[in-house]
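Asks: Just passing along the structure, written as structure tokens.
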Amino acid sequence: MTEHFPTMTPTRRTVLLSLGAGLAAMALPRGGSAQAGDQVLRFGLSTFPPTIKPFDNTGGAANTVKLMLWRGLMGYDASARLQPELAESVDWTDPQTAVFKLRANAVFHNGKPVTAADVVYSLNEITKEGSTAYLKSDLSILTAVEAVDDKTVKISLSAPSAVLLDLLASYCCPIISAESTEDAPIGAGPFTMKGSEKGVYIEVERFPDFYMEGEPNVGGIRFIAYADENLRYAALEAGDVDLIEYLPWQQFDAVDASDTLEMKSTLGPYMFLLFNVTEGPFADPKVRQAVGYAIERQDVVDAAFAGRGTPLFGLPNPQGSPFDLADPAVEWSYDPEKAKALLAEAGYPNGFDCRLLATATYGMHQDTASVVQAYLAMIGINATLDLPDWGSRVTSGKEGRYDIAVHGTSGTYNDPDSLWPLLYSGNPSYLQSFGFKSERIDGLLEKGRTTTDQAEREAIYKDLAKAYFEEVPQVPLNWRIQAYAMRSNVTGFESLPGFLNGSSAYALDDTKLG
Amino acid sequence: MLAFLLRRVATALAMLLVVGTIIFSMLAIVPGDPAELLLSTGGGSASEEAIRNLRLEMGLDRPLLQQYLTFLGDSLRFDFGTSIVDGSSIAEAIALRLPRTLEIIAAGAVLALLLSIPAGTLAGLRAGGRFDGITSGLNALLTSIPGFVLGTLFIYVFAQVLGVLPAGGYVAFAEDPAQHLQMLILPAVTVALHLSTIIFRMTRASVLEMRGHDWVRTATAKGLSRGLVVRRHILRNALGPVITVVGLQLGILLGSTVLVEFVYNWPGLSGLLVTAVEQRDYPTVRAIILTVAAIFIGINLVIDILYSLLDPRIALQ
């Protein structure tokens, strides 16, 4: 929606009039009330989605809006259990063939039923040549997607997959109508697009024919972008919005103490260090191990996250993972003496100079870098901080213009396989240590993904935790607590645990405004 | 006269060409890949292949010189093209957002004038008095508080503690006039307070200087009332330099409301520019800077022409 209004031409009369109107406006009641069930939930986003395309991953804000408009074969309920969405049931006829039965009542926003042909179309859009889809390489295991009949789809795989259903539940794997065009994807989600203005807001309204009985519970959602985190919180406190994502860590105490606000939090993303392993001291795993022992992680949590997080000493196995991989034998601790000994062993008894890359765009990255810098100095590694804006940070990371770098991210589902993009050397990115390649780690990841027996998988990921500790593709620092905050009249919303935190928008189906 | 005009217009166009070339080169040097950035929003990752395909879609694979020539040609035809990030029309985005930035500047300027001209005049007339002491002190204090600090403070007091105004945001006037005005108050006051410190100082100094002139004494001696002397003989002469300063400040505000817009989530032109820079949306950045530069150059051109009309010696030079 675009709205133009006349530019103000200030004459004395109009000025006085508008001043008077402004003062009168302060006295007007704020925020109207509508009938329960038809109210519009106002959601404060951390950023305006740069694009909203079904299969691309353009950040958390975009993914939240995408889940409102489009749904896939699979999804998650408010307690993060995998559940069929557009599919009604899944039947594995053998480890490499899954047959999905579609819901009889599932219809697209254009009123037409969701058919097997639409599923074939959508999955092909992801895997086709030239696609920019987030899951293109993950879904290259699909050898065939066939429409058995109108409501039945058979998916054949080149190898067994332990995570196919999680991939199909991704916000980057929606099923859209085969009649969709590039600019107008037609989905079957709980809401339809009502209006938007770039950089300002996006409003969706309830789709009356949504396949889940009685959902969604609100008449619509207005997503309003607040780039400044403190303003986002202020807007919640002032009652301008009902729910916000990414509650700033500094405000947790205020929400705890408030009678009118509540929060839902979880351990979600984690912070870690990356290395340029192509040259210099960090090419030696011993030096990277030394860094693992050199940092008091609680200080990172306290300084950068106002104490809202927990130290992470080994492989980042997400909260909600089916496996317990904790083992002190393959985890670091804070042990500066051991760090110095390892440095000496590697031939750097007096330390060395290096460049530590982070970004000034995100305060938490910068603060983490400062703490890391201080602890590295204690074992003789003198790091110079390099803090460009986020855009330059990504390029520097990708081109290896650093010695050691700070980053923080999350997987997309609660299984150690979700670490694939961070550890698998087949798809290098700024998220991985520059030049790092380990056949052992790659092999374990491949094996873990294609094994379906959970006991076997647990053993594989225990080996992965060991390989992670010995070869040091990254040095883990801490888990971050991620929180949504809301006014007390918002009920039914849940923050999904672990790596699924970014998919919490699924819980908006059950969210009510009291 | 015609030759003078042609010369000035030609100079203005040449300046725009220089500005355009400088922006283009700077953006080419700044590191950051829009395709990779878009697919890594929020710290995620994208496959090499997806990034390569998106670069093709964005047209970033073409040689730089070719991109430059296309940019010049399009600019000449006033065709700003579309955003490489989401494909939306840049001209439309500017047409939507520029009036909003002008709105807070205009509202702020009016408030500032209403506040600082009377206060400055009074302080100047009674320099050294109690009123002068208080306002000058307050003025020094306000000058030293940056706009974003003031903004954060206002939000805390008026939105979080008192709850009488929204914390920020924007609603179109046509959609909800009352709410629009509510949302305009804090940004306008923030701009106004900062601007008024400058106008106050200028007015006070100017009035102080004028009131000592002979003609003021003569006017008073003639038996004219105090009000008439101040209005006709002091203020009228004193406001000349003030108007020049206000004009200059308004031009500067066009580029510097960015912090106020950010603090209050007011979707003006500078907010669009900041996002475009962060996303490395090259065509959008270029179009906004060219627009602002054109406005600046246009204002200067008009002033030059006005001067030459008032003072023919300028045109002859």
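Keeping their order, the protein sequence lines are chains P and F.
Take 1 as the starting number for the first sequence in full-length UniProt numbering and just add one per residue.
Take 1 as the starting number for the second sequence in full-length UniProt numbering and just add one per residue.
By construction, the Cβ of each residue, glycine as well, lies at the ideal position given by its N, Cα and C atoms.
Owing to the predicted nature of the structure, the values given are computational and were not obtained by experimental measurement.
Evaluate the contact criterion for the region 33 to 53 of chain P versus the region 458 to 476 of chain P: three or more CB pairs, one atom per stretch, below 8 Å.
Replies: no
Asks: With three or more beta-carbon pairs closer than 8 Å as the criterion, would you say the region 376 to 384 of chain P touches the region 303 to 320 of chain P?
Replies: no
Asks: Could you check if residue 62(F) is buried or exposed, using at least 16 other CB atoms within 10 Å of its CB as the buried criterion?
Replies: Locating residue 62(F) in the second sequence gives position 62, counting from the first residue. Label assigned to residue 62(F): exposed.
Asks: Taking the C-alpha atoms as reference points, what is the distance between residue 155(F) and residue 139(F)?
Replies: Along the second sequence, read from residue 1 onward, the residue named residue 155(F) stands at position 155. Along the second sequence, read from residue 1 onward, the residue named residue 139(F) stands at position 139. Cα-Cα distance, rounded: 21 Å.
Asks: Could you check whether the region 271 to 285 of chain F touches the region 108 to 125 of chain F, counting it as contact only if at least three pairs of C-beta atoms, one from each stretch, sit closer than 8 Å?
Replies: Because the criterion of three Cβ pairs below 8 Å is not met, the region 271 to 285 of chain F and the region 108 to 125 of chain F do not touch.
Asks: Given that residue 170(F) touches chain P, what residues does it touch there, using C-beta distances under 7 Å?
Replies: If you number the second sequence from 1, residue 170(F) lands on position 170. In chain order: 200.
Asks: Any C-beta of chain F sitting closer than 8 Å to the C-beta of residue 264(P)?
Replies: Position 264 of the first sequence, counted from the first residue, corresponds to residue 264(P). Not an interface residue.
Asks: Secondary structure at residue 81(F), three-state DSSP: helix, strand or coil?
Replies: Position 81 of the second sequence holds residue 81(F). Correct three-state label for residue 81(F): coil.
Asks: With DSSP run on the structure shown, which of helix, strand or coil describes residue 391(P)?
Replies: Taking the first residue of the first sequence as 1, we reach residue 391(P) at position 391. In the structure shown, residue 391(P) adopts helical secondary structure according to DSSP, grouped into three states.
Asks: Is residue 332(P) buried or exposed, if buried means 16 or more other CB atoms sit within 10 Å of its CB?
Replies: As a position in the first sequence, residue 332(P) is number 332, starting the count at 1. Residue 332(P) is buried by the Cβ-count criterion.
Asks: Here's the rule I'm using: 16 or more other beta-carbon atoms within 10 Å means buried, otherwise exposed. How should residue 438(P) be labelled?
Replies: For the purposes of this step, residue 438(P) is taken as residue 438 along the first sequence, with counting starting at 1. With 16 or more Cβ atoms within 10 Å of its Cβ, residue 438(P) is classed as buried.
Asks: Determine the burial state of residue 479(P): buried for a count of at least 16 other Cβ atoms within 10 Å of its Cβ, exposed for fewer.
Replies: As a position in the first sequence, residue 479(P) is number 479, starting the count at 1. Label assigned to residue 479(P): buried.
Asks: Using a beta-carbon distance cut-off of less than 9 Å, what residues from the region 246 to 265 of chain F approach chain P?
Replies: Listed by position, the residues of the region 246 to 265 of chain F near chain P (Cβ gap below 9 Å) are 262, 263, 264 and 265.
Asks: If we cut at 8 Å on Cβ distances, does residue 53(F) have a partner in chain P?
Replies: The residue given as residue 53(F) occupies position 53 in the second sequence. Against chain P, the CB of residue 53(F) has a partner CB under 8 Å away; the residue lies at that interface.
Asks: What in chain F is Cβ-close to residue 224(P), meaning under 7 Å?
Replies: Position 224 of the first sequence, counted from the first residue, corresponds to residue 224(P). Result: 169.
Asks: Name the chain F residues whose beta carbon is nearer than 8 Å to that of residue 240(P)?
Replies: As a position in the first sequence, residue 240(P) is number 240, starting the count at 1. At a beta-carbon threshold of 8 Å, the residues of chain F lying near residue 240(P) are 159, 166, 167, 168 and 169, ordered along the chain.
Asks: Which residue or residues does DSSP assign as beta-bridge partners of residue 409(P)?
Replies: Sequence index remark: in the first sequence, residue 409(P) carries index 409 (1-based). Per DSSP, 270(P).
Asks: With C-beta atoms as the reference, is residue 45(P) less than 8 Å away from residue 204(P)?
Replies: In the first sequence, counting from the first residue as 1, residue 45(P) sits at position 45. In the first sequence, counting from the first residue as 1, residue 204(P) sits at position 204. No.
Asks: So is residue 409(P) in contact with chain F if we call contact Cβ pairs under 8 Å?
Replies: Residue mapping note: residue 409(P) aligns to position 409 of the first sequence, counting from 1. Closer than 8 Å: yes.
Asks: Using 10 angstroms around the beta-carbon of residue 124(P), count the other beta-carbons present and answer buried if the total reaches 16, otherwise exposed.
Replies: Within the first sequence, numbered from 1, the residue matching residue 124(P) stands at position 124. Counting Cβ neighbours within 10 Å, residue 124(P) comes out exposed, since fewer than 16 surround it.
Asks: Give a yes or no on whether the minimum CB-CB distance between residue 231(P) and chain F is below 8 Å.
Replies: Translated into positions along the first sequence, residue 231(P) becomes position 231. So yes, residue 231(P) belongs to the interface.
Asks: Would DSSP call residue 286(P) helix, strand or coil?
Replies: Position 286 of the first sequence, counted from the first residue, corresponds to residue 286(P). If DSSP states are grouped into helix, strand and coil, residue 286(P) belongs with the helices.
Asks: Which of helix, strand or coil does DSSP assign to residue 309(P)?
Replies: Residue mapping note: residue 309(P) aligns to position 309 of the first sequence, counting from 1. Residue state, collapsed to three classes: strand.
Asks: Strictly under 8 Å for the Cβ-Cβ distance: is residue 79(F) near chain P by that measure?
Replies: For the purposes of this step, residue 79(F) is taken as residue 79 along the second sequence, with counting starting at 1. It does not; no Cβ of chain P falls within 8 Å.
Asks: Apart from the five residues just before and just after residue 389(P), which ones in its own chain have a Cβ nearer than 6 Å to its Cβ?
Replies: Here residue 389(P) refers to the residue found at position 389 when the first sequence is read from its first residue. Cβ neighbours of residue 389(P) beyond the five flanking positions: 361.
Asks: Going by alpha carbons, who is nearest to residue 175(P) out of 118(P), 409(P) and 328(P)?
Replies: The sequence position of residue 175(P) within the first sequence is 175, counting from 1. Here the closest residue by C-alpha is 118(P).
Asks: Against chain P, does residue 209(F) count as a neighbour if the rule is that its beta carbon must be under 8 Å from one of theirs?
Replies: Working through the second sequence from its first residue, we reach residue 209(F) at position 209. Cβ-Cβ to chain P under 8 Å: no for residue 209(F).
Asks: Which runs of the beta strand (DSSP E), 3 residues or longer, sit entirely within the region 157 to 215 of chain P?
Replies: 191 to 197 and 201 to 206
Asks: Roughly how many angstroms separate the alpha carbons of residue 509(P) and residue 137(P), rounded to a whole number?
Replies: The residue labelled residue 509(P) in the question sits at position 509 within the first sequence. The residue labelled residue 137(P) in the question sits at position 137 within the first sequence. So the two alpha carbons sit approximately 30 Å from each other.
Asks: In three-state terms, what does DSSP make of residue 11(P)?
Replies: Within the first sequence, the letter at position 11 stands for residue 11(P). Summary for residue 11(P): the model assigns pLDDT 42, below 50, so the residue's position carries little reliability, and this model does not support an answer.
Asks: Taking one C-beta from the region 250 to 267 of chain P and one from the region 284 to 303 of chain P each time, how about it: are there three or more such pairs within less than 8 Å?
Replies: no
Asks: Excluding the five sequence neighbours on either side, which residues of its own chain have a C-beta within less than 6 Å of the C-beta of residue 363(P), listed in chain order?
Replies: Start at 1 with the first residue of the first sequence, and residue 363(P) comes out as number 363. If we look at residue 363(P) and ignore the five residues flanking it on each side, it has no Cβ neighbours.
Asks: List the residues of chain P that residue 88(F) touches, going by C-beta distances under 8 Å, in chain order.
Replies: Numbered from its first residue, the second sequence carries residue 88(F) at position 88. Simply 198.
Asks: By the criterion of Cβ-Cβ separation under 8 Å, what are the contact partners of residue 394(P) in chain F?
Replies: Position 394 of the first sequence holds residue 394(P). 32, 33, 36, 37 and 40, listed in chain order.
Asks: Would you tell me roughly how many angstroms separate the C-alpha atoms of residue 298(P) and residue 408(P), rounded to the nearest one?
Replies: For the purposes of this step, residue 298(P) is identified with residue 298 of the first sequence, where counting begins at 1. For the purposes of this step, residue 408(P) is identified with residue 408 of the first sequence, where counting begins at 1. The straight-line gap from Cα to Cα measures roughly 16 Å.
Asks: Exposed or buried, residue 119(F), counting other C-beta atoms within 10 Å across all chains shown (16 or more means buried)?
Replies: For this step, residue 119(F) is matched to residue 119 along the second sequence. It counts as buried.
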